[in-house]
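Asks:
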Amino acid sequence: MASVLVVEDDQFVRSALIRQLTDASYTVRSVGTALEALREVAHHRFDVVVLDLGLPDLDGSEALKMLRGITDVPVIVATARDDETEIVRLLNAGADDYLTKPFSVEHLSARMAAVLRRARAGGGETVPSPVIRVGGLTVDPLRRQAELDGVRLDLTRREFDLLAFLAGRPGVVVPRKELLAEVWQQSYGDDQTIDVHLSWLRRKLGETAARPRYLHTLRGVGVKLEPPAAQTPYTPHTPGAEPPR
3 MASVLVVEDD QFVRSALIRQ LTDASYTVRS VGTALEALRE VAHHRFDVVV
53 LDLGLPDLDG SEALKMLRGI TDVPVIVATA RDDETEIVRL LNAGADDYLT
103 KPFSVEHLSA RMAAVLRRAR AGGGETVPSP VIRVGGLTVD PLRRQAELDG
153 VRLDLTRREF DLLAFLAGRP GVVVPRKELL AEVWQQSYGD DQTIDVHLSW
203 LRRKLGETAA RPRYLHTLRG VGVKLEPPAA QTPYTPHTPG AEPPR
């Protein structure tokens with residue numbers, strides 16, 4: 003039975019969510035402020051957090067960043083804000099998914115089920131996978147660790163899932179729809195979600211979209227991961243030097 007933390011300051015909405023999620027066989031705890039949410043996460047284990055952004059003590063986006071500092075639990079943001087820039091910022095800050103208010107409990111349950119499937123799929127409950135090596139990149143799916151040229155990468159859960167999926171198919175162009183289905187467990191979604199996570203992953207790999215080393219985007223087709231042409235550790239580009247290909 004999955005445990006859920008509902009962070010919502012509106013007592014009416016909170017009560018309705020508690021009742022409906024409990025009826026759907028979830029174990030539910032709830033709080034009305036960001037600080038209470040941080041205390042709950044620090045002292046209890048949850049499978050997913052549903053986070054409202056309009057909290058009285060701290061903006062939900064700031065609460066999200068603080069949550070990400072102490073836990074990797076999947077977070078679904080519930081917000082009345084439907085601005086694309088804001089949504090991208092939330093994904094950028096570590097949200098696993100989002101819902102725009104008002105929403106039905108059925109819709110919420112479906113999103114929760116999706117993030118829980120992804121979390122369990124990455125939990126090492128299946129047959130151990132071999133370590134993947136692509137150039138100077140090493141990905142260990144069992145330990146959920148990745149290294150680049152011997153240096154461990156500090157990746158979020160979603161960044162690791164994306165990297166591991168692509169690294170397991172080196173040189174293969176993976177369509178965006180397949181990434182959404184396999185990494186996000188969604189049959190539909192905004193390409194911006196993929197772009198945000200690719201951007202953050204590129205930064206941690208020491209590259210950019212304009213100067214890719216491992217991650218290559220084929221516009222209108224998909225994304226592929228392949229080793230750099232020269233198998234040497236990455237060094238920053240200096241003026242006058244030939245840029246990496």
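Numbered by our numbering, the letters in the sequence shown go through residues 3 to 247 in order.
Idealized CB from N, CA, C, for every residue including glycine.
Could you compute how far the alpha carbon of Thr24 sits from the alpha carbon of Val6?
Replies: Those two C-alpha atoms are separated by around 10 Å.
Asks: Report back the beta-carbon spacing between Leu69 and Val79 to the nearest angstrom; my notes put them in contact at under 8 Å.
Replies: With a Cβ gap of about 11 Å, Leu69 and Val79 do not count as contacting.
Asks: Within 7 Å (strictly less), CB to CB, does Glu64 reach chain D?
Replies: Although the question refers to chain D, the structure presented lacks it and comprises just one protein chain.
Asks: Once the 5 residues before and after His218 are set aside, which same chain residues still bring their CB inside 8 Å of it?
Replies: Within the same chain, His218 has close Cβ partners Val225, Lys226, Leu227, Glu228.
Asks: Relative to the C-alpha of Phe162, which candidate in Val185, Asp151, Pro172 has its C-alpha closest?
Replies: The residue with the shortest Cα to Cα distance from Phe162 is Val185.
Asks: Can you say whether Val129 is buried or exposed, counting buried as having 16 or more other CB atoms within 10 angstroms of its CB?
Replies: Low local confidence applies: a pLDDT of 41 at Val129 is under 50, so the model's placement there is unreliable, with the coordinate-based value given in what follows. That one is exposed.
Asks: Compute the beta-carbon to beta-carbon distance between Val58 and Thr35, rounded to the nearest angstrom, for a pair I have assumed lies under 8 Å.
Replies: Inspection of the sequence shows that residue 58 is occupied by Pro rather than by Val. At roughly 6 Å, the Cβ-Cβ gap stays under 8 Å, so Pro58 and Thr35 are in contact.
Asks: Keeping to the same chain, check which residues put their C-beta closer than 6 Å to that of Asn94; ignore five residues upstream and five downstream.
Replies: Result list for Asn94: Val198, in chain order.
Asks: By Cβ distance, which residues of its chain are closer than 8 Å to Leu248, with the 5 residues on each side in sequence left out?
Replies: An answer regarding residue 248 cannot be provided, because it is not within the stretch 3 to 247 covered by the chain.
Asks: What residue does the alpha helix (DSSP H) around Asp163 start on, and which one ends it?
Replies: Element bounds for Asp163: 159-169.
Asks: Sorted by chain position, which residues of the same chain lie with C-beta nearer than 7 Å to Leu203's C-beta, five sequence neighbours on each side aside?
Replies: Cβ neighbours of Leu203 beyond the five flanking positions: Glu161, Leu164, Leu165, Leu217.
Asks: Using the Cα positions of Glu10 and Asp74, report the straight-line distance between them to the nearest angstrom.
Replies: One C-alpha to the other measures close to 20 Å.
Asks: Please go through the same chain and pick out, in chain order, the residues whose beta-carbon is closer than 6 Å to the beta-carbon of Asp84, but skip the five residues on each side of it.
Replies: If we look at Asp84 and ignore the five residues flanking it on each side, its Cβ neighbours are Thr102.
Asks: CB-CB under 8 Å to Asp49, same chain, minus the five flanking residues each way: which ones, in chain order?
Replies: Contacts found: Ala4, Ser5, Val6, Val75, Pro76, Leu118, Ala121.
Asks: Please list the segments of the alpha helix (DSSP H) lying wholly inside the region 48-91, counting only runs of 4 or more residues, in order along the chain.
Replies: Whole alpha helix (DSSP H) segments, 4+ residues: 62-72.
Asks: Given a threshold of 16 other Cβ atoms within 10 Å of its Cβ, counted over all protein chains shown, does Gln13 qualify as buried or as exposed?
Replies: Classification for Gln13: exposed.
Asks: Under 8 Å by Cβ, that's how I've got Gln194 and Glu86 pegged, so tell me the actual separation to the nearest angstrom.
Replies: Confirmed, about 7 Å.
Asks: Whole angstroms is fine: what's the gap from Val153's alpha carbon to Gly138's?
Replies: Distance between the alpha carbons of Val153 and Gly138 is about 10 Å.
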